[in-house]
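J.: Chains as they are written, first to last, in this note's numbering: chain A, 195 to 306; chain B, 479 to 763. We put the CB at the ideal spot given by N, CA and C, even for glycine. Note that the coordinates shown come from a computational prediction; the quantities given were computed from them, not determined experimentally.
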Amino acid sequence: MRSLAIRGIGRQRPVVVTALLLAAWLTFQAWAWWSGGAKLRAAGLDHAAGQVHVEVVLGITPEPFHMAIFQDAGRLIAVRGSSVFVMDVPPDRLRSLAAHYWVRAVRPWAGI
Amino acid sequence: MAAPPGPVPDTLPLRPAPGGPVARRRTERGRLVKSAAGLGLILVLWQASVPLVGLSDYFYPSPATVARAFGELITKGILPVYVSDSLLRYLGSVVVGGVLGLLLGLAVGLHRGLARLLAPFVNFLYAIVEGAWVPLFVVWWGYGIKVIVVLLVYIIFFPMFHNTMVGVRTVPQVYVNAVRALGARPWQVVAEVILPAALPNIITGFRVGAGFAFRGLIFAEMLAAKTGVGYLIYEGVSMQNTARTIVGMICMGVMWLFIDNLYLKPFERATIERWGVVVVPEDGH
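#1: Can you tell me whether M281(A) is helix, strand or coil according to DSSP?
#2: Looking at the unbroken beta strand (DSSP E) that takes in I271(A), where does it start and where does it end?
#3: Determine whether the beta carbon atoms of E249(A) and K554(B) lie at a separation below 8 Å.
#4: Is the region 530-544 of chain B in contact with the region 709-720 of chain B, if contact means three or more CB pairs nearer than 8 Å?
#5: For a test of the three-state rule: what should DSSP assign to A307(A), helix, strand or coil?
#6: Could you tell me the boundaries of the alpha helix (DSSP H) in which A585(B) lies?
#7: Cβ of L673(B) within 7 Å of any heavy atom in the ligand PLP?
#8: Since Q245(A) and V283(A) should fall inside the 8 Å C-beta cutoff, what is the C-beta to C-beta distance between them, to a whole number of angstroms?
#9: Do V652(B) and V667(B) have their CB atoms nearer than 8 Å?
#10: Looking at chain A, is there any beta carbon in it that lies within less than 8 Å of the beta carbon of I556(B)?
#11: What residue does the alpha helix (DSSP H) around V644(B) start on, and which one ends it?
#12: Rounded to the nearest angstrom, how far is the Cβ of L673(B) from that of T749(B), given a contact under 8 Å?
#13: Starting from V300(A), follow its DSSP beta bridges and name the residues at the other end.
#14: Let's see if you can read the secondary structure: which residues bound the alpha helix (DSSP H) around A669(B)?
#15: Taking L582(B) as the reference, which of V649(B), R567(B), V600(B) and S562(B) has the closest Cα?
#16: How far does the alpha helix (DSSP H) with L517(B) in it extend, from its first residue to its last?
#17: Going along chain A in order, which residues have a C-beta closer than 9 Å to the C-beta of L740(B)?
#18: Counting only beta-carbon separations shorter than 8 Å, does T749(B) have a partner in chain A?
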């Protein structure tokens, strides 16, 4: 009886595909969040209490799309090669910044 | 001429019953293979035509260039954000516009006084193309998500409103009277008779509106957004990277196929079959 009910739901393609997409999206978000934490831990920034200045090392050449994200996170100071220097980044923004898969590493920076 | 009756064979060949699940799966697989072959042929012809045309990537990018642009947009994290932004805007607007159109269509369809009051104004608004509103919306809310959402709500509202109203008005009065005679309350008449009878019209309105809204989404994002597939199409040309524009166009087509085949068509099939108006064939044609 129970298996019949499960099969009945399972036969509805929209439900199955939506559930699979949702599961894939959630898994990706969880992985991104975890990897963001790992990047911050590696740089000793995981317990930053206040705003910090950071150098964000990218695995790509930044474009206006990325610049908008950095400007949203803090004060964008400079771009040198694949490194972006940002000042006054709050801890929550730092975590979500590090969670992007195109961010290779986040390092503390003395600022200007 | 009828065939003469012959001896019945001991064993029957194992053939799937026509219209059975096995046959359906085979037909579906055959259709997929044909579609993939057609797509492959187009790609080969496109790639082969690039040296013949002899234009630069800016004017006539090859499939390989487009594939590279696609890979770059994924690697840079741009495409996933643009696609999800577009889908969220679209979904939110379709829900809001659909519900508003349904409610007002029901109200106007059921109430003659309200119809006389609102119908001329709604008809007047229906005649104003959505593009004409854009400058005014931008003045009111500036460039951004509000303009896009309001525009899409406006686009989906009218087909939904109009079809619901027509559907409600064309319900034969004899059904309504029969249910009333059996002691049904007004909300029961609406829920048990009017809504089911108007449902094919409502679903048609929803599908038409959803299609228009999808086109409107791309148009609105070109005008008033800094993210989204429409913006990608526009930005590609302005950055002299037409391969990205083509990636945006392909994404737009794939998104629509996905929405239509996965949600709208099954929804239409299920609701129409459920209320016994017409049986739509399995392939949806």
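T.: On the basis of the supplied data:
#1: strand
#2: R269 to R274
#3: no
#4: yes
#5: This structure leaves residue 307(A) out entirely; chain A is present only between 195 and 306.
#6: I556 to L588
#7: You won't find the ligand PLP in this model; it holds no ligand whatsoever.
#8: 6 Å
#9: no
#10: yes
#11: I623 to R647
#12: Actually they are not in contact, since the Cβ atoms of L673(B) and T749(B) sit about 11 Å apart, beyond 8 Å.
#13: V250(A)
#14: Segment: none, A669(B) is in no alpha helix (DSSP H) and carries neither H nor E.
#15: V600(B)
#16: P499 to V531
#17: R207, P208, V211 and T212
#18: no
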